[in-house]
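In this note's numbering, the protein residues as written are 418 to 685. Report on the following structure.
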Amino acid sequence: MKLNRGEKLQQAVHQFQIGESTISLEENPNVWLPRDPTLQLLQMIEKPEYKSLFKQKRVLDIGSGTGIIGIWALQAGADYVAMTDINYSAIQTTLHNLKLNGIYNGDFQFAVFDSDVFMGIQEQFDVIVSNPPAQPIMPGAHENNPASKYNEAREGGRYVLDSIIKYGKSYLKAGGHLFLLGSSRQGYRQTQSAMDSVWGKERWEVLLEKEYSIDPGYHRPYMDYWIAQQNVDRDIRVYLKDVDTFSVTHYNQSLDWFHRTILLHALR
Ligand SMILES: C[S@@+](CC[C@H](N)C(=O)[O-])C[C@H]1O[C@@H](n2cnc3c(N)ncnc32)[C@H](O)[C@@H]1O
418 MKLNRGEKLQ QAVHQFQIGE STISLEENPN VWLPRDPTLQ LLQMIEKPEY
468 KSLFKQKRVL DIGSGTGIIG IWALQAGADY VAMTDINYSA IQTTLHNLKL
518 NGIYNGDFQF AVFDSDVFMG IQEQFDVIVS NPPAQPIMPG AHENNPASKY
568 NEAREGGRYV LDSIIKYGKS YLKAGGHLFL LGSSRQGYRQ TQSAMDSVWG
618 KERWEVLLEK EYSIDPGYHR PYMDYWIAQQ NVDRDIRVYL KDVDTFSVTH
668 YNQSLDWFHR TILLHALR
C-alpha cells in the first residue's frame, strides 16, 4: 500500500463491551492490545460494589497500554485519572483512544505520561489499578515485536508487579484500594507471600483466578526458564494436568501446559 505524504496508515479499531459501556480502541502494533485478563479485571471492577470505589475518586492506571482501564475509570465517574506507561507509543495511543471515546480534558480530568512504575508520581490516589508486564526479559524472544517486549520485566517478570506490591501503599490514601493482576508465570506463591508481608494477610484477597492454556506461539521462548525456575524454588509458574509438573525439566510441546491469572484486591 502506498501512502501519500502526511497520510497515516489506518489501524484497526476494536470495540470492547464492559457492562453498559463500549470502549473503542485503535490498535497500535507497538502497544499491548487488551486480552482476556484485562477484560476479566474490568468485568470485576464493573460490579457495583467495586465501581462505586471509582466514582468521584482519583485513580492511577500503571502500564496503561491502549488506555482501556483509564478510559473505563473516567467513564465510571472518576474525578481524575493518571495513565502512565514506559512505552512512548502507549502514551500516544492512550491519548488517541481517549479522544476516540469522546474524552477531552476540560470535560474530564486526566493526565497521560511516561513513567517507570511510580517514577515522577508525587500524589496519593484513592485507587491504583494495574495489569503489569508478566514475562521475564528474554533476549531474542519477540525481538521485533515492541508490544511483546514491553510485556517483559526484569526479576523473572516481577519488577513492575513487585514495585507495585512494595511501594503501592505509599501512593494510596488511607482506605485506598489496589486492583492488581498477577500471573502464575511470575511465581504463584511468591506473589501471595509478598502481599502477606507488605499488605498484611487481612488486608488483601484474591478476587479472581483464571486458568489459560500456554500459547506455544507466544510463550515458547520463556517455557524452559519457567520450568527451570520452578524446579529450583518449587513455586508453580506453568503446570500440567494429571502429571507431576516438577518431574518435567524441559518444555514438551506435545503436553498441554497451563498458567493462571490472579486478580488481587488490597486495601490500604
Ligand atoms: C500487559 S500490558 C497491559 C496494558 C493495558 N493496561 C491492558 O491491560 O491492556 C503491560 C503494560 O505495562 C507497560 N509497562 C512495562 N513496563 C513498565 C514500567 N516499568 N512502568 C510502567 N509501565 C510499564 C507496557 O508498556 C504495557 O503497556
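Don't be surprised by glycine CBs; every beta carbon is placed ideally from N, CA and C. Since the model is a prediction, treat every value here as computed from it, not as a measurement.
Item	Value
Per-residue burial, His-636 [other beta carbons within 10 Å of its own, 16 or more giving buried]	buried
CA nearest to the CA of Gln-457, picked from His-431, Ile-485, Gln-646 and Leu-442	Ile-485
C-beta contact flag for Asn-548 and Leu-512 at 8 Å	no
Backbone CA spacing between Gln-647 and Tyr-656 [nearest angstrom]	10 Å
Own chain residues within Cβ distance below 6 Å of Leu-672, not counting five before or after	Leu-657
Distance cut-off 7 Å: Thr-483 Cβ against heavy atoms of ligand 1	yes
DSSP beta-bridge partners of Val-546	Asp-478 and Phe-596
Rounded separation between Asp-579 and Glu-540 - CA only	20 Å
Contact the stretch 573-592 vs the stretch 547-563: 3+ CB pairs below 8 Å	yes
Selected residue, minimal CA-CA separation from Lys-380, among Val-615, Met-461, Trp-489 and Gly-573	The structure shown does not extend to residue 380, since the chain spans only 418 to 685, so no value can be given for it.
Candidates Gly-494, Asp-659, Asp-453 and His-431, of which the one nearest Glu-628 by Cα	Asp-453
Environment of Asp-524 [buried if 16+ CB atoms lie within 10 Å]	exposed
Nearest candidate by alpha-carbon position, reference Lys-516, set Gln-492, Tyr-668, Asp-478 and Val-534	Gln-492
Own chain partners of Leu-459 with C-beta closer than 6 Å, once the 5 adjacent residues on each side are dropped	Ile-435 and Trp-489
Own chain partners of Gly-480 with C-beta closer than 6 Å, once the 5 adjacent residues on each side are dropped	Asp-502, Ser-547 and Pro-549
For Ile-679, the nearest candidate out of Met-612, Gly-573, Val-544 and Thr-483 (CA to CA)	Met-612
Buried or exposed by the 16-neighbour rule on C-beta atoms within 10 Å, applied to Phe-663	exposed
Identified DSSP bridge partners for Ile-679	Gly-599 and Glu-626
Cβ neighbours of Met-461 in the same chain (closer than 7 Å, five flanking residues each side left out)	Tyr-467, Leu-624, Leu-625 and Leu-680
Asp-652 CB to nearest heavy atom of ligand 1 below 7 Å	no
Cα-Cα separation, Gly-537 to Pro-638	33 Å
beta-carbon Asn-568 near ligand 1 non-hydrogen atom, thresh 7 Å	yes
Heavy atom of ligand 1 within 7 Å of Ala-493 beta-carbon	no
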